[in-house]
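Just so you know, the protein sequences line up as chains A and B, in that order.
Read in the numbering used here, the first sequence has 176 at position 176, and its numbers run on one by one without any break.
Whatever position you read off the second sequence (first residue = 1), add 1000 for the numbering used here.
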Amino acid sequence: MSMIRLKNVTKFFKPDTTALKDVSLHIKPGEFVSIVGQSGSGKTTLAKLLFAEEGPTQGRVVIGDWDITNIRQHEIPVLRRQIGVVFQDYKLLSQKTVFENIAFALEVAGEKSSHISTVVPQVLKIVGLSNKRDRYPNQLSGGEKQRVSIARSLVHRPKIIVADEPTGNLDTIHAREIVELLKKINDFGTTVVLVTHDRDIVNALKKRVITIQHGKLVSDIEHGKYVLP
Amino acid sequence: MSIFLSLFRVIKFSFQNFFRNFWLSFITMTIFVLTLFTINAVIFMNVLAEAALESIEQKVEVSVYFEPDTSEDLVKSVQGYLMGLTQVRTVEFISEEDALQSFQERHKDNPVILSSLDEVDGNPFGHALVISAHSANDFPFILEALDTPEYEPFIKQKDYQDYETIIARINALAFRVRVGGFILAAFFSLIAVMIIFNTIRVAIYVYRDEIGIMKLVGANDWFVRGPFLVEALMYSLFATLVVVAFAFFGLDALGPWLATYFGDTDMSVINYFKDNALLIFGSQFLALSTLSILTTMFAMRRYLRV
Ligand SMILES: Nc1ncnc2c1ncn2[C@@H]1O[C@H](COP(=O)(O)OP(=O)(O)O)[C@@H](O)[C@H]1O
Ligand SMILES: [Mg+2]
């Protein structure tokens, strides 16, 4: 049983970039996996394959027991509600409050207002921002913004959280807070895929580390460390 | 998931679009209004020209004079034959006696003409038929229908009054109005298409962050596209309502002015708009919204990567 399975995945970008070369990996339900590697090594591309932002050029991508290699356009929203995504730049809407930003993800999925008004406070509590629900993004620190974005990724109770460099814009203290939050979410049973190139974070985590170099999977170590320069 | 709730949210987003790009929305609507206004002006002129034509056409008659010795039976049979034609409205039989009498009546003050009657033996007039048609355009056909070997030898003269030139002139004018109006309406429709295309393109650009986030969090496809379609529909609806309001105030204001130029016809034009309001403005709304929705779909295909 695996939650995420890549089978011999190659991703080619026109005109001449092979971002991933014959990558195969398994991630079990409930795992916390860090994907590390230098800039340009193909980490983001790998993350995008998981939520069907990109499709593989060769090979297969399977989420749960759903082969999304050739996913149809109209099935993508269904997939995206099973996978929460978090990015370095938070992707919050500046003219909406914290509450509205999170509610937005439920609104556009057609959820009832009564459901929205119970779920949003729940996820705000998980990320510890219940007292800032009426603030606008520009009234928050970077760490708080990232917590809002994580809260939003949780609203559909996803099986997987994919976080692409979530600490990239944060100082060490806030970065640690975000990682702690992801660990907490992982403790609830959610599979977490953390893309990062932050050596300290990876070493402190003591979780599984997959290293990519030039689009190739070069190491996959349980309780691993950041091995590359 | 409730359809109504989702529809409500889509409409809410479209209103946000509308006010967020207020000036763009305003210009788009103005162009839509101008387009509809042109189209309605053309319809108005057309109806007016047609009303004028009709009122003239009803007065147009053609008299067919038969040779003096033609039998009444033959003329009656021609009358029957003409009545059988669908283009013919009425055919009045005027006997030779009536013709003589009305000639004398008409020229009773002119002894020279009257005395000329005495110089011929008996009644110089033959029977006559006075034909009116449903449309002036039908007269050539009707007159040709009389050019048969059976009737032609007995017909002395066909008198087509010089309404012909008036009708030709009105027809030519109506034709020019139609062509000019069509070109103008096509021109404005083209501009309307370009404007709505650009408005939606800009709206997609302004909303790129929202759209990106919507897609990442698993929004239904029509949550992403719906607001733009509703927005296009909204422009069409508002523009139609504005034009309807203008039309009704405007027509009432025009009434007295029309009366001085066209007599009774003004009422028929205004009534035409009032009686057919649903048809006229309904079909314009349908046409405009179809056009703008198709354009919006095209703009979304180009600029909205889903
Ligand atoms: N959409 C794209 N088109 C072309 N090349 C791309 C595209 N996305 C990524 N790449 C290239 O693929 C390689 C891997 O990129 P990426 O996965 O973003 O790396 P990382 O996230 O590890 O920095 C880079 O060389 C990048 O330039
Ligand atoms: Mg990256």
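For every residue, glycine included, the Cβ atom is placed at its ideal position computed from N, Cα and C.
What you are looking at is a predicted structure, and each value in this text was computed from that prediction instead of being measured.
> Using a Cβ cut-off of 9 Å, which residues of the segment 1210 to 1228 of chain B contact any Cβ in chain A, in chain order?
Replying inline: Glu1210, Gly1212, Ile1213, Met1214, Lys1215, Leu1216, Val1217, Gly1218, Ala1219, Asn1220, Asp1221, Phe1223, Val1224
> Nearest-angstrom Cα distance between Leu1100(B) and Leu1129(B)?
Replying inline: 14 Å
> Beta carbon of Thr44(A): closer than 7 Å to some heavy atom of ligand 2?
Replying inline: yes
> Taking the C-alpha atoms as reference points, what is the distance between Ile150(A) and Gly1218(B)?
Replying inline: 15 Å
> How many whole angstroms separate the CB atoms of Thr294(A) and Gly55(A), which I take to be in contact at a CB cut-off of 8 Å?
Replying inline: A query on residue 294(A) cannot be resolved here, the shown segment of chain A reaching from 1 to 229 and no further.
> Of the residues that make up the segment 69 to 87 of chain A, which ones have a beta carbon closer than 9 Å to any beta carbon in chain B?
Replying inline: Gln73, His74, Ile76, Pro77, Val78, Leu79, Arg80, Arg81, Gln82, Ile83, Gly84, Val85, Phe87
> Should Arg1009(B) be flagged as near chain E, meaning a C-beta pair shorter than 8 Å?
Replying inline: The chain labelled as chain E is not found among the protein chains of the depicted structure, namely A and B.
>> For the segment 109 to 128 of chain A, list every residue whose C-beta sits within 9 Å of some C-beta in chain B, in sequence order.
In response: Ala109, Gly110, Glu111, Lys112, Ser113
> Interface residues of chain B around Tyr156(A) at Cβ under 9 Å?
Replying inline: The amino acid at residue 156(A) is misidentified as Tyr; the sequence shows His. Ordered by position in chain B, the residues that pass the 9 Å Cβ test against His156(A) are Val1217, Gly1218.
> Would DSSP call Leu1005(B) helix, strand or coil?
Replying inline: helix
>> Would you say the beta carbon of Glu53(A) is closer than 7 Å to some non-hydrogen atom of ligand 2?
In response: no
>> At a CB distance below 7 Å, what residues from the segment 1005 to 1029 of chain B approach chain A? Give them in sequence order.
In response: Leu1005, Ser1006, Arg1009
> Phe12(A) lies in the beta strand (DSSP E); which residues open and close that run?
Replying inline: 4 to 13
> Interface residues of chain B around Leu93(A) at Cβ under 7 Å?
Replying inline: Asp1209, Glu1210, Ile1213
> When we look at the beta-carbon of His197(A) and count the other beta-carbons within 10 Å, is it buried (16 or more) or exposed?
Replying inline: buried
> When the cut-off is 8 Å and only beta carbons count, does Glu177(A) lie next to chain B?
Replying inline: no
> For the segment 1060 to 1147 of chain B, which segments carrying the alpha helix (DSSP H) assignment without a break, of at least 4 residues, lie completely within its bounds, in sequence order?
Replying inline: 1072 to 1083, 1096 to 1106, 1111 to 1119, 1139 to 1145
> Taking 8 Å as the CB-CB limit, is Glu107(A) close to chain B?
Replying inline: yes
> Does the beta carbon of Asp164(A) fall short of 7 Å from some heavy atom of ligand 2?
Replying inline: yes
>> Considering only the alpha carbon of each residue, which of Asn8(A), Asn203(A), Glu31(A) lies closest to Leu20(A)?
In response: Asn8(A)
> Which residues does DSSP pair with Val61(A) in a beta bridge?
Replying inline: Leu6(A)
> Between the C-alpha atoms of Met1045(B) and Phe99(A), what's the straight-line distance to the nearest angstrom?
Replying inline: 57 Å
> Does the beta-carbon of Asn203(A) have 16 or more other beta-carbons within 10 angstroms, so that it is buried, or is it exposed?
Replying inline: exposed
> Using a threshold of 7 Å, is the CB atom of Gly40(A) nearer than that to any non-hydrogen atom of ligand 1?
Replying inline: yes
> What span of residues does the alpha helix (DSSP H) with Phe32(A) cover, start to end?
Replying inline: Per DSSP, Phe32(A) belongs to no alpha helix (DSSP H); it is in the beta strand (DSSP E), 32 to 36.
> In three-state terms, what does DSSP make of Lys21(A)?
Replying inline: strand
> Does any C-beta atom of chain B lie closer than 8 Å to the C-beta of Arg147(A)?
Replying inline: no
>> Under 7 Å: does the beta carbon of Gly1218(B) sit that close to some heavy atom of ligand 3?
In response: With respect to ligand 3, the structure shown offers nothing to examine, as its ligands consist of ligand 1 and ligand 2.
> Looking at C-alpha atoms only, which residue of Asn1220(B), Leu1143(B), Ser1116(B), Thr1086(B) is the closest neighbour of Ile76(A)?
Replying inline: Asn1220(B)
>> Below 8 Å on C-beta distance, what does Arg152(A) contact in chain B?
In response: Val1217
> Thinking C-alpha only, which one of Glu1105(B), Met1029(B), Leu1007(B) is nearest Ile1191(B)?
Replying inline: Met1029(B)
>> With H, G and I counted as helix, E and B as strand and the rest as coil, what does DSSP make of His26(A)?
In response: strand
> Which value, in whole angstroms, describes the spacing of the CA atoms of Thr1035(B) and Tyr1272(B)?
Replying inline: 20 Å
> DSSP state of Ala204(A), grouped into three classes?
Replying inline: helix
> At which residues does the beta strand (DSSP E) containing Lys1156(B) begin and terminate?
Replying inline: 1155 to 1160
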